Every structure is written in C-alpha cells, then in structure tokens.
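First the structure, in the form of structure tokens, and then the observations on it.
Residue numbers (the numbering used here): 2 to 304.
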C-alpha cells in the first residue's frame, strides 16, 4: 500500500509540473521527448557548403547536434546569452572581415561565458591560451587578464582567424585550426596529400567533431523551437547597458576604492569588467585601462 501511495504521489507531481508548464506557455503538457534531430537539406559554414550528401558528415552533424540539444542547462544558458554578447561580437567580426558564423565558434568554446577557464588554462569567451594571447597583443596576468575582456579577446580571435585563412584559403579549416592549432592542421594536410577540405581530412577526434559542434549551435540559434528550446522573447538576456567607460592608469590601482569613488561596488565592477582579477594592482608600467562603470539604471541583469 505504501508503495502504491508513493507511485500515486509521484504521478500526481509529474502531472502538476506538466500542467504548470503548459499554463506558462512552454508547450504541450507532455514529457520532453528524446529524438534524433532532423537535419536541413542544405547547410553552410561561413559561405562554404557542408557536404551533407556524405554519410559520415551527416552522422557527425547528427551526433554533435544531439549532444548540444541534450546538454539542456548549458545550451539553454548559452542561447539566452546570445542577445547579450552577439551585439558586441558581430561588429568586431565585421570590422576584421571575419564571417559572422564565427560567433558560433565562440558559443562552442565557452558558452558565451566570459569567465570560463579550461583545465588546460584557456580563458575567456574565446578560450585563449596565454601563448596565443601574447602573440596577438593581449595582456595576461594574475591581476589583469584581458582574455576575459570580450572586446579584446574577440579582436585577438579575429587576428588569429585572419592568419589561418591566409594559410588555408578555407574558413572551415581555419575554424578547425582554432582547435588543433595551425601546426596541427598543416601537418595533417602535408601527410595526407591532395586533401584540401576539412570534411576529407583525418584529424584528432576532438577536431573532427569541432566544426560540427559549431554548426550545431548555428542550427539551434536559427530555430531553437525545432530542437526543443521554447524561448520567449523575455527569456533572452539583455545586453549590458547604462554604463560609461573611464580611463584608469594610477599606480597602484585599488579596485575597491575605485568602485566606491564612482558610486558602485567591487562586485558590479567585476560584472562589467571580468578582466579585473584581483582587489589591487601595482600597475608598475603605468598602463591605462578602459574600465566600465555602471550608471543609474544599471543592474546585474543588464536592465
């Protein structure tokens, strides 16, 4: 009898949850289905056609799309952040002549979270390693690390992608090299002879999946509902607004005191400037930093 009562309670709870979801406008009152995603008839990356007529290509895309679809909490958060960070990323890509599809690479790298750090030490929205950041003029350090600055990091990524495209003449191979490195892709092109397409090149497992992961985000952003994400307009996170930028170059810099001087607090300073990595910075070189300061009307949600 006790077992039956528990089963009844669980069933009633599930029914209430499903009904509540339906009442809130999330869709029909039913258990979320698990399904193999439908692929489009045609697809491109950065203007380069994806050969979906190849069985291995279709299966690889199905695999990555399925993985992305069913990482529910991470993918949902990433989709919600598109409206906060795409308006920052897109103009910089355009400025450097990088196809807009590379914003999906940023999604695949970090989930558009500027504070992400990988086990290997890659950091920020574009997951730059310290060596790559140095090559493209991005300051890194324990106190100030501009890999977490979305504008600086996006510019560095663009410069890398420009170099990769000059080498390969293919945006898809340039994207693959973002994962395997220029040397990694070039070495395999040399060994495998007469291969000039990412889709024909044998690469490390992670890199062979990498471009398909990027494409999975392109498909989800284009039609979230088709892949099970029922987002209302108000669910998307707004861009950060109501702030001004001041130049700071004192020696040393006390970030807590700086925040107080401008009528805010250290937490809000870090929300807008995740590249600040400590409470104080000696700044012996006297560098000048652009610091975003919240103004009236600013909140952590960007409203």
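Every residue gets a Cβ at the ideal spot worked out from N, C-alpha and C, and that includes glycine.
Small disclaimer: the values here were computed from a predicted structure and weren't measured.
What do you get for residue i, buried or exposed, if any count of 16 or more other CB atoms within 10 angstroms of its CB means buried?
{"i": "residue 226", "result": "exposed"}
{"i": "residue 254", "result": "buried"}
{"i": "residue 39", "result": "exposed"}
{"i": "residue 295", "result": "buried"}
{"i": "residue 36", "result": "exposed"}
{"i": "residue 41", "result": "exposed"}
{"i": "residue 148", "result": "buried"}
{"i": "residue 34", "result": "exposed"}
{"i": "residue 25", "result": "Here the model assigns residue 25 a pLDDT of 48, short of 50, so the residue's position is not dependable and the matter cannot be decided."}
{"i": "residue 282", "result": "buried"}
{"i": "residue 280", "result": "exposed"}
{"i": "residue 181", "result": "buried"}
{"i": "residue 43", "result": "exposed"}
{"i": "residue 193", "result": "exposed"}
{"i": "residue 274", "result": "buried"}
{"i": "residue 297", "result": "exposed"}
{"i": "residue 299", "result": "buried"}
{"i": "residue 65", "result": "buried"}
{"i": "residue 150", "result": "buried"}
{"i": "residue 121", "result": "exposed"}
{"i": "residue 132", "result": "exposed"}
{"i": "residue 195", "result": "exposed"}
{"i": "residue 184", "result": "exposed"}
{"i": "residue 304", "result": "Any reading at residue 304 must be qualified, since the residue scores a pLDDT of 44, below 50, and its modelled position is unreliable; the value itself is stated next. Counting Cβ neighbours within 10 Å, residue 304 comes out exposed, since fewer than 16 surround it."}
{"i": "residue 105", "result": "buried"}
{"i": "residue 228", "result": "buried"}
Quick check on this structure: which residue in the options has the alpha carbon closest to the alpha carbon of residue i?
{"i": "residue 115", "options": "283, 272 and 296", "result": "272"}
{"i": "residue 88", "options": "241, 124, 256 and 295", "result": "241"}
{"i": "residue 72", "options": "42, 214 and 167", "result": "214"}
{"i": "residue 126", "options": "118, 133 and 132", "result": "118"}
{"i": "residue 166", "options": "218, 103 and 111", "result": "103"}
{"i": "residue 233", "options": "77, 46 and 195", "result": "77"}
{"i": "residue 95", "options": "132, 193, 152 and 195", "result": "152"}
{"i": "residue 284", "options": "189, 130, 143 and 75", "result": "143"}
{"i": "residue 243", "options": "187, 190 and 269", "result": "269"}
{"i": "residue 230", "options": "75, 173, 293 and 63", "result": "75"}
{"i": "residue 293", "options": "264, 187, 246 and 267", "result": "246"}
{"i": "residue 111", "options": "120, 128 and 121", "result": "128"}
{"i": "residue 93", "options": "53, 267 and 163", "result": "163"}
{"i": "residue 49", "options": "139, 264, 57 and 212", "result": "212"}
{"i": "residue 169", "options": "130, 137 and 198", "result": "198"}
{"i": "residue 51", "options": "278, 266, 219 and 264", "result": "219"}
{"i": "residue 45", "options": "190, 187, 267 and 171", "result": "171"}
List the DSSP bridge partners of residue i.
{"i": "residue 281", "result": "255"}
{"i": "residue 118", "result": "124"}
{"i": "residue 129", "result": "124"}
{"i": "residue 45", "result": "50"}
{"i": "residue 294", "result": "245"}
{"i": "residue 139", "result": "Answer is none; residue 139 lacks a bridge partner."}
{"i": "residue 145", "result": "277"}
Round the Cβ separation of residue i and residue j to the nearest angstrom and send it over; I've been treating them as touching at under 8 Å.
{"i": "residue 238", "j": "residue 85", "result": "5 Å"}
{"i": "residue 108", "j": "residue 79", "result": "6 Å"}
{"i": "residue 217", "j": "residue 83", "result": "Not really, about 14 Å apart at Cβ, beyond 8 Å."}
{"i": "residue 276", "j": "residue 145", "result": "6 Å"}
{"i": "residue 210", "j": "residue 47", "result": "That belief does not hold up - the Cβ atoms of residue 210 and residue 47 are roughly 18 Å apart, past 8 Å."}
{"i": "residue 236", "j": "residue 81", "result": "6 Å"}
Taking 8 Å as the cut-off, does the region 242-259 touch the region 280-288 (at least 3 CB pairs, one atom from each stretch)?
yes
Quick test of the definition: if touching needs 3 or more C-beta pairs under 8 Å, does the region 198-216 touch the region 257-272?
no
Check whether the region 187-204 touches the region 167-177, counting contact only when three or more Cβ pairs, one atom from each stretch, lie closer than 8 Å.
yes
Is the number of C-beta pairs between the region 91-110 and the region 155-165 that are closer than 8 Å three or more?
yes
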